[in-house]
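Visitor:
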Amino acid sequence: GRRVRGSYYYDSDSSDLSDGEEYKSEDDEEWAKNVVSGKGSKLEKLLIVDHSQIDYLPFRKDFFIESPEIAKMSAEAVAAYRKELDNIKVKGKDVPKPIKDWHQCGLSSRILQVIKQLQFRS
């Protein structure tokens, strides 16, 4: 297989490279020229994409919407609930509050019905 290292591709069997060191061979340069010129396979063409040149439509990146009952939980209530759930530890920025029931996940009623039928507990 091939993995990305620096701006070139190298064969993963070449394990004698240290991090940040570029592997370069004539075969790789020819392969890169073929891909860039459009002569590569469909998979190879997918490997090299300059996303800065693509004008993507905007989309909402915050997919989780906190339910009103979770939003009302105080920091003390959140800490107590996490402790109750085997002393859950969390790290990060803006970590969501824990949910207490499946309906607080924002799932569709159809998915909630399947969860109920399969008897998953919250």
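Everything in the sequence shown is counted per this note's numbering, starting at -13 for the first residue and increasing by one. Cβ atoms here follow ideal geometry from the backbone N, Cα and C, with glycine treated the same way. Computed from a predicted model, the values in this text were never measured in an experiment.
Does the distance from the CB of K86 to the CB of V64 come in under 7 Å?
Guide: no
Visitor: Closest by CA to I56, which one among D14, Q103, D48 and Y67?
Guide: Y67
Visitor: Let me know the secondary structure DSSP gives P44 once reduced to three states.
Guide: coil
Visitor: Do you know how far the Cα of N20 is from the Cα of I40?
Guide: 21 Å
Visitor: Specify whether the segment 47 to 54 and the segment 68 to 79 touch according to this definition: at least 3 beta carbon pairs, one from each stretch, less than 8 Å apart.
Guide: No, the segment 47 to 54 does not touch the segment 68 to 79.
Visitor: Which one of S38, L43, S53 and D13 has the shortest CA to CA distance from H89?
Guide: S53
Visitor: So, G78 versus I51, is the Cβ gap smaller than 7 Å?
Guide: Contact: no.
Visitor: For a test of the three-state rule: what should DSSP assign to G92, helix, strand or coil?
Guide: coil
Visitor: What did DSSP end up calling P54 once you bin it into helix, strand or coil?
Guide: helix
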